[in-house]
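Contents: one structure, followed by commentary.
In this note's numbering, the protein residues as written are 21 to 278.
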C-alpha cells in the first residue's frame, strides 16, 4: 500500500476514533469545539455547521486540528471522508474551496473516492453515499486530476474497487493512465490499472482496460500491471493482462482476453 493511501486510511481511523457521542444542537454554539464539530460532520448535521458559520465561529475554509495534523485539515475534506452530503452542501454554498488539500495533499474528491460506509457489509451499497459525494464535488468544480507524479482520485477509486466512481470519473475526463508517459510506457507512480490489480479487483481491472488503460506501462524501476498481479498472486488477472499486452497498439481490449 502506498504512502498516501496509508495516510488517508489512517486519517479516517483517527477521525472516526474521536467521534464519540452525538452532535450538539446549534443553539449550544458559543465557541469552537473541535470534537463537537467532528461529531456534527460525522453525523452529517448540516444545521450545526450552518449555525457555526452564521455565528462566525468557523469559516467555510476552516482547518481544524486532527491527530497527526496539528496544522489542520479542511472541513470539506473531513465531510468528504464521511460522505456527509448535507455538511458538504452547506460548506460549498458558503464558499469552501472544493480543491483544498490536507497536509498530505489529499483533496475532498480523493477522500470521497477512497472511502466507503464502514458501518455495513462491504458491497455496492456501501459505496453509494460516497459516490453521491464524488458527484457533488465534481459538479462543484473539483479537479479530477492531481499534480504530476501523484495519485489521482481515479487511482484511489480503482484501489478500492469503486467501479461506479471509476466509470464516473473517466466520463468526467479523468485520464485512465493518469500522467504516465505513453511513448515510453513509463510512470513514476502506480497507474489506476495497477492500483486495481494490486487489490485483485477483476471488475475494475476490466473496466479500465475497456476504457483504454495501457497494460504495458511500467513504474520506473518497478513493475507492470501484470507483474503486480503475479506478485500479489492474482493469477487470473495476470493471464488477462498478459493477453492485453499482446494486443496491437490501439487495438481495443476484447473478450478474448477476459
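Don't be surprised by glycine CBs; every beta carbon is placed ideally from N, CA and C.
Owing to the predicted nature of the structure, the values given are computational and were not obtained by experimental measurement.
- Secondary structure in the segment 210–269: the alpha helix (DSSP H) runs of 4 residues or longer, each lying completely within the stretch, are 212–218, 222–230, 245–251, 255–266 in chain order.
- The C-alpha of residue 199 is placed about 7 Å away from the C-alpha of residue 169.
- In its chain, beyond the 5 residues on either side, 118, 119, 127, 128, 129 have a beta carbon closer than 7 Å to the beta carbon of residue 162.
- Bridge partners of residue 206 according to DSSP: 201, 238.
- Shown here for residue 131: same chain residues with a beta carbon closer than 7 Å to its own, the five before and five after excluded, namely 28, 97, 100, 101 in chain order.
- Under the three-state reduction of DSSP, residue 191 is assigned to helix.
- Taking the Cβ atoms as the reference, residue 265 lies roughly 5 Å from residue 235, within the contact range of under 8 Å.
- Contiguous alpha helix (DSSP H) elements confined to the segment 150–174 do not occur, taking only those with 4 or more residues.
- Judged by DSSP in its simplified three-state form, residue 86 adopts strand.
- Under the DSSP assignment, residue 55 falls in the alpha helix (DSSP H) whose first and last residues are 54–62.
- Under DSSP, residue 121 takes part in a beta bridge, and its partners are 127.
- Boundaries of the alpha helix (DSSP H) harbouring residue 70: 66–74, taken from the DSSP string.
- Separation of residue 90 and residue 194 (C-alpha to C-alpha, rounded to the nearest whole angstrom) is 32 Å.
- Residue 150 and residue 205 have their C-alpha atoms roughly 32 Å apart.
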